[in-house]
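Worksheet: the structure to be examined is printed underneath.
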Amino acid sequence: MSPISQTPKLVFHHRIDYAVHTLCRTFATASINCLPKKMSQKEYNAAYYQANREKLHELNARWRANNKEKLAKYQMQWYRNLESRGPEVVERCLRRARERVAAIRADPVKRQKIAEAYKLRYATGPYRPGILMRSWVLNCSDLDAFRWKTHTPIIHAQAVRQTCASCGKSNRRGSRLWWRRHQETSSADLELYDCHSCYTKDIKAAMPMGFEGHVWGFGATPKP
């Protein structure tokens, strides 16, 4: 077994006690100096990741499963602060995202694997009712005949950019469908809107009055 694979995982844990962190850094530095070829910290981290890739992926998946609320809160805060950091930071993040997508599209194996995962996710997961409801709302000719409990659907001819009052995200491409909250405004006396994903987290509560028990996915749509 290589010296890298023998090094404790604590070197790569985040948000640990400062004293433990310092001790691990010292041990890691000593370990690096003992290697046949001296490596920089960045090279060492990359080598450690390659040597323990599956184990780290398993630990990461376990942490995400046990800390969903903490992760969602962190992602929301990061997204809210992104645009305040300046256009250069925004462009750098977008460029990295485009590069990741381009790399996936260039790899047929990865592309097929992700396509199958998304197909299964949206066919059987909790997202399917929301997707079907969105299609119905955008194509319903008598939408005004329904009564909504907490929101009013606002449909635009072209995608409009808003900031979701629930998740705080603002899709750069915008959306044609937004849900305006009833009798609720912001501190600046502005109307509040929710994105469709946040509005349909509880699909029964999101349905119009009298249709809370409607089951999506069998071809039938609500009729006034």
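Going by the numbering used here, the sequence shown opens with residue 92, and the numbers climb by one from there. Using N, Cα and C, we set each Cβ at its ideal position, and we do this for glycine too.
Item, Value
"For Asp285, which option in Ala152, Arg187, Ile246 has the closest C-alpha, if you only look at C-alpha atoms?", "Ile246"
"Indicate whether Pro315 and Asp198 have their beta-carbon atoms separated by less than 7 Å.", "no"
"State the start and end residues of the unbroken alpha helix (DSSP H) segment that holds Trp307.", "Taken as a continuous stretch (DSSP letters only), Trp307 belongs to no alpha helix (DSSP H), as it is neither H nor E."
"Okay, do the region 203-220 and the region 297-311 touch, 3+ Cβ pairs below 8 Å being the bar?", "yes"
"For the alpha helix (DSSP H) that Arg225 lies in, which residues bound it at each end?", "218-230"
"Helix, strand or coil for Asp233 per DSSP?", "coil"
"Quick one: residues in its chain with C-beta nearer than 7 Å to the C-beta of Tyr290, no 5 flanking neighbours on either side, listed in chain order?", "His242, Trp270, Ala297"
"What residues in its chain sit with their C-beta under 8 Å from that of Trp227, if we drop five residues either side in the sequence?", "Thr312, Pro313"
"Counting C-beta neighbours from all protein chains within 10 Å, is the total for Cys255 16 or more, i.e. buried, or is it exposed?", "buried"
"Quick one: residues in its chain with C-beta nearer than 7 Å to the C-beta of Leu229, no 5 flanking neighbours on either side, listed in chain order?", "Ile246, Arg267, Leu268"
"Quick one: what does DSSP say Trp169 is sitting in, helix, strand or coil?", "helix"
"Give the range of the alpha helix (DSSP H) segment to which Pro178 is assigned.", "178-197"
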